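Going by our numbering, the final residue of the sequence shown carries number 1122, and the count climbs one at a time with no gaps.
Ideal placement from N, C-alpha and C gives every residue a C-beta, glycine not left out.
Predicted model only: the values in this text are computed from it and were never measured.
Comments concern the structure below.
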Amino acid sequence: MSYKDVDYKKAVVNYNLLLSAAKSLGDKLEEGNAYAGLGDALLRLGDFKESLDYYKCALSNAEDLNDKEKIAIAYGGLGNASHALGHTKTAISYLERSLDYAKKIGNKSEIGKTYNMIGQIFHNLGDYKASIEHHKSSLDIAKDVGDVVIESEAYGGLGITYDSFGDFEKAIYYHSQQLRIAKTTGDKVGEAVANGNLGNAHTGLQNFEKALHYYKQRLSIANGLGDKAGEGRAYFHLGKTYEKLGHYGKAFEYYTLRLRIAEDLGDKAGRGDAYGSLGGVFLCFGNWKKAEELFKQQLRIYEELENKMGTAIAYHGLGQCYELMGSLPTAVENYRSSVKVFNEIRGLLQSEDQWKIGFRNECNIAYINLWRCLLKQEKISEALAAAEEGRAQSLADLMISQYGLKECQYCHYRGKPLEEQEFGVMNSTSSSTVFLAVNVHENKVNIWLLSKEKPVLHRGKTIGHHCAKFAAETLQSLIQLAYENIGVRGNVNCENRSLDVLREDCSGVERSSKKNSQPILQEDIHPLSALYSYVIAPILDLIDGDEIIIVPDGPLWLAPFAALLNPFSKYLCESFKVRLIPSLTSLKIISHCPKFHSRSGALVVGDPDMSEVTNSQGDQILEQLPFARQEAQMIGQILNTAPFIGKLATKCEVLKQISSVAVVHIAAHGHMKTGEIALSPNPERKSQTPAEEDYMLTMADVMSVKLRAKLVVLSCCHSGRGDIKAEGVVGIARAFIGAGARSVLVSLWAIDDKATLEFMKSFYHNLVKGRSASESLNHAMKCLRESETFSDVKYWASFTLIGDDVTLDKQEEIRVS
306 MSYKDVDYKK AVVNYNLLLS AAKSLGDKLE EGNAYAGLGD ALLRLGDFKE SLDYYKCALS
366 NAEDLNDKEK IAIAYGGLGN ASHALGHTKT AISYLERSLD YAKKIGNKSE IGKTYNMIGQ
426 IFHNLGDYKA SIEHHKSSLD IAKDVGDVVI ESEAYGGLGI TYDSFGDFEK AIYYHSQQLR
486 IAKTTGDKVG EAVANGNLGN AHTGLQNFEK ALHYYKQRLS IANGLGDKAG EGRAYFHLGK
546 TYEKLGHYGK AFEYYTLRLR IAEDLGDKAG RGDAYGSLGG VFLCFGNWKK AEELFKQQLR
606 IYEELENKMG TAIAYHGLGQ CYELMGSLPT AVENYRSSVK VFNEIRGLLQ SEDQWKIGFR
666 NECNIAYINL WRCLLKQEKI SEALAAAEEG RAQSLADLMI SQYGLKECQY CHYRGKPLEE
726 QEFGVMNSTS SSTVFLAVNV HENKVNIWLL SKEKPVLHRG KTIGHHCAKF AAETLQSLIQ
786 LAYENIGVRG NVNCENRSLD VLREDCSGVE RSSKKNSQPI LQEDIHPLSA LYSYVIAPIL
846 DLIDGDEIII VPDGPLWLAP FAALLNPFSK YLCESFKVRL IPSLTSLKII SHCPKFHSRS
906 GALVVGDPDM SEVTNSQGDQ ILEQLPFARQ EAQMIGQILN TAPFIGKLAT KCEVLKQISS
966 VAVVHIAAHG HMKTGEIALS PNPERKSQTP AEEDYMLTMA DVMSVKLRAK LVVLSCCHSG
1026 RGDIKAEGVV GIARAFIGAG ARSVLVSLWA IDDKATLEFM KSFYHNLVKG RSASESLNHA
1086 MKCLRESETF SDVKYWASFT LIGDDVTLDK QEEIRVS
C-alpha cells in the first residue's frame, strides 16, 4: 500500500462501497479486505472505537476463511486500536497473537510491524529497555525485507524512547531518519508524526523556536489529512512549548483544543495529557483547587492505562497543588508516590547505565520537591534520606553489581530517617560528613551535617541574593570565577598535561590571574571566600575533628574545596583533611566490603608514547611528558614495581593489568571534558594511524573490567571533570569508582607537569609511611604551598580524593605478589 497523498476520509467512503458490493456478491475475501481497510483508515483518522469494531469483523472473516495471514493482520489492527483506546493488557494479548501467526507463516513485514506496536506499548509502560529491543528488532527486519514504512516507524519508536531518558541528540537522529523516509515515500501521516517527534526532541534541548516550527508543520499536515488524532497531539505539544516560554494563555488555549479532540475520539491517553497540562496552567494561574481536580483526573486515567510515566507526573502535579495549599503531609505523600514510580521505571532499565543517568536527569524535580517539602516540616533526617535517595543512583547500582551484593540491603530509601535504617550510613564513618543539596527554587544551598552518635543537623545558606540567577547557575559562575582567580580555566586546555591541544598551545606561558568577568556578587570578596561562606561557614561550629567528608551536588563537584578561604585567609585544607563521596550509599557499600579489594600489586603508567597520534597534516598533537615519566619511575621505585613507560604504556596492557592490583597510578594526558586518558596506541590495530579506540582509555573501557584497587591515582589533567547531571559528575573518576575502586585521586583542571612530579613525590612518601590517603594528600598540598616554585593555588588545589580514606599500612601490601 502506498501512503502517497492518501485521503483517509475518501478511503472510508471507498471501503464502505467495497464492503457493500462484497456482501451483495457473497465475496468473503473482499469483504474481509474492506473491514481491514476501514479499520486502518479509521485508526489513522483517530476514530479508535469504530476502528476496533471493523478489525473485529476482519478477524471473524479471516477465521472463517482460515486465512492465517489475514488473521495476523487483524490481530495487529486490534492491538493497535486497543492500545489507542488505552486497553494496554488487551492490546498486548492481541499483538502477541498477531506475532505468533506472522511467525508461523513467515511474514517478516508483519513481524516487524508487530514488534513496533509492542515496542510502543512497552514505552508507555515505562519499560524503555524492552521498547528499544523491540524497535531494533523491527528495524533489522524492515531493512532485511526492504519495507521502508516499517523502517520509518521503527526509527520513530526508537527516537521517542531515547527522548524519554534525555538522549535528545540520538532522538533527533532517529526522527530525522523517520522524516526522510516519510518524505521519500509520500507518507504524509508519517511525515506529520516525524515533525512532531522532532519538535519534542528540540524542546528537550530547549530549542523552542525549532520545536514550534516542527509542531506547526505537524498541525498543518494533520489538518490537510483530516487527521484529528494528529491534530490533537500537535495542539498538545504547541501548548507545552508556549507554557515553557511563559505564554500561559496561549498554552491554555491549545490544551483546551487537545482535550476537546481527545473527548470526541474517546482517546483516554489524550485526555490524560490534556488534564495534566491544564492542571499545570491552573497552578500558574493560582487556581489550586481546579489544578487538583485536573491532576486527579489525569492520575485516574493513567493508572487505568498502566502508563507509569504519566502516573508519576500526575502524582508530582498533585504534590505541587497540596504544597501550595499548605497541606504539606499530603504533598509529601504524593511526591513520594511520584518518586516511587520513577524508581520503578529506572529499575526496568536494568544494567543500562547511560539510560539510567539520562532518565534520572529528566525526573530530578520530583526528588528535589520531596526533600524540600520534608524540610518545610522540619523533618531533617527524613529530608536527608529523600535527598540521598536520588543521589548517584546509577553509580550505586554499578557498585552493587561489581561487589556482588544484594541490592535489597543497600537500597537508597526505606521511608525512615537515616539513623533508623538497617545497614544505615550513620555508622559508615566516624568523620563529620557534610551533605550538600542545591535548591534552585529558593536560591539556597542546604547543608546536612552527619556525625557519629549525634542527631542529623541541617542549616541553609541563601546564595546569589544580589543576583537574579538561579542558585545552580550562580554557583557555576562563582566556581568559574574562582578558577580564573586561581589562574586556571577548567574548560580550556592550557597546561602541558592536557589532551586535544596542539604542541604550540602547551608552551608553558604563565597565564594572567586577573579577573576576566564581573563578580556575580556585589560584595568585593574573593570567590574562594564566597564559596567558603556558602558551604562551610554555616556548619563550621558543628564540625568535630580534623576531617570533613563532603557529598557535593551539581556544580559544587567542581569546587576546589581544599582551597576555600576562611575570613582569616586560611585555606580549608590547613584546618581539615577533605575528601568527597558521590553519595552516602556509595560509602556504605565500600565500608561493608573490607575484603573485596586487593592487598598487593601495583600498576604504574607514565608518559605514554604519543608520537603516532597526529592530526590530518601528520603533526603530533600531544607532546611527551618528561616529568610524568620521572614521576612513574619514582613511584615504581617506591612501590617496588616496574612502571609501564612510553611505548609500553599501551591501552591493551593497562586493561590487562588493571584488574589484579591494589594500587593504580597513571600519569598521562587527560581529556578536558571527561578526564578520559590517552595511552600509547595498541600495537595490534586495523590501520597504521591509530584511531581513538586504539589509545583512549574511556569510561566504557574502565567499567568493562572488575577493579579491586584500593587506590587509583589519575595524575592527568581534568580527571575529576565530566558532565554535571542529577546523578553527579559523569566522567572517568565515576567510572573507576563504579568499576570497584575503593578510592580515586583526581585533578579538577589541567596540571603542570613538573609541579605534579613534586606533588606525587610527597604524596607517595607519606603513603608508604602508613599515613592515610587523605593525610598524605594534605601533606603533599602543604609541601607545595611551602615551596618557592609551586606555592600558587593552581599547582596544588586541583587534587581531590573521592571515596574511602585508604591506608597502605604494611609494606608487603603494595609489593607485586
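- Apart from the 5 residues on each side of it in sequence, Asn1083 sits with its Cβ closer than 7 angstroms to the Cβ of Cys878 and Lys882 in its chain, given in chain order.
- In the same chain as Asp432, and ignoring 5 residues on each side of it, the C-beta atoms closer than 6 angstroms to its own belong to Leu653, in chain order.
- When the Cα atoms are used, Val1098 and Leu1019 turn out to be separated by approximately 19 angstroms.
- Taking all protein chains shown into account, Thr508 has 16 or more neighbouring C-beta atoms within 10 Å of its C-beta and is therefore buried.
- Residue state for Ile1107 is assigned as strand, using DSSP reduced to three classes.
- Phe881 sits in coil when the DSSP states are folded into three classes, being neither helix nor strand.
- At the C-beta level, Asp999 and Gly951 stay beyond 8 angstroms of one another.
- With a contact defined as Cβ atoms closer than 8 angstroms, Met1086 and Ile894 miss out at about 28 angstroms.
- Apart from the 5 residues on each side of it in sequence, Val959 sits with its Cβ closer than 8 angstroms to the Cβ of Leu908, Val910, Phe949, Ile971, Leu984 and Leu1002 in its chain, given in chain order.
- Between Ser903 and Ser965, the C-beta spacing is below 8 angstroms.
- Secondary structure of Ile1029 (DSSP, three-state): strand.
- A residue is called buried when at least 16 other Cβ atoms come within 10 angstroms of its Cβ; Ser1009 does not meet this threshold and is exposed.
- Residue burial annotation: Lys328 is exposed, with fewer than 16 other C-beta atoms found within 10 angstroms of its C-beta.
- Close CB contacts of Glu496 within its chain, under the 7 angstroms cut and outside five residues either way in sequence, are with Leu484, Ala487, Lys488 and Ile526 (chain order).
- Annotated three-state conformation of Pro843 is helix, per DSSP.
- DSSP places Gly571 in the coil class of the three-state scheme, outside both helix and strand.
- The alpha-carbon of Arg1047 is positioned some 41 angstroms away from that of Asn505.
- The secondary-structure analysis by DSSP pairs His763 across a beta bridge with Trp753.
- Under the three-state reduction of DSSP, Pro860 is assigned to helix.
- Val1034 is bridged by DSSP to Ile1029.
- For the set Val739, Ile784 and Glu936, the Cα lying nearest the Cα of Ile853 is the one of Val739.
- Judged by beta-carbon spacing, Ile1037 lies beyond the 8 angstroms limit of Thr1112, meaning their Cβ atoms are not closer than that value.
- With a contact defined as Cβ atoms closer than 8 angstroms, Pro832 and Leu786 qualify at about 4 angstroms.
- Contact annotation: the stretch 1021-1028 does not touch the stretch 937-946, with fewer than three C-beta pairs closer than 8 angstroms.
- Residues of the same chain with a CB within less than 7 angstroms of the CB of Asn385, apart from the 5 flanking positions on each side, are Leu348 and Met422 in chain order.
- Distance from the Cα of Phe513 is smallest, within the candidate group Leu550, Ser1052 and Glu536, for Leu550.
- The DSSP-derived three-state label of Ile830 is coil.
- Ranking Glu917, Tyr313, Val1051 and Ile855 by CA distance to the CA of Thr994 puts Glu917 first.
- For Ala377, the CB contacts under 6 angstroms within the same chain, skipping 5 residues up- and downstream, are Ser403, Tyr406, Ala407 and Glu415 in chain order.
- Arg665 sits close to Ala1031, with the two beta carbons spaced by under 8 angstroms.
- Beta-bridge pairing by DSSP links Ile950 to Gly911.
- If only uninterrupted alpha helix (DSSP H) runs of at least 4 residues are considered, those enclosed by the stretch 560-606 are 573-590.
- Residues Gly911, Ala972, Leu1062 and Met1065 of the same chain have their beta carbon placed closer than 6 angstroms to that of Glu936, with the five preceding and five following residues left out of the count.
- Thr919 sits in a strand when the DSSP states are folded into three classes.
- In the same chain as Trp593, and ignoring 5 residues on each side of it, the C-beta atoms closer than 6 angstroms to its own belong to Cys626, Leu629 and Met630, in chain order.
- Beta-bridge partners of Met1001 (DSSP): Ala983.
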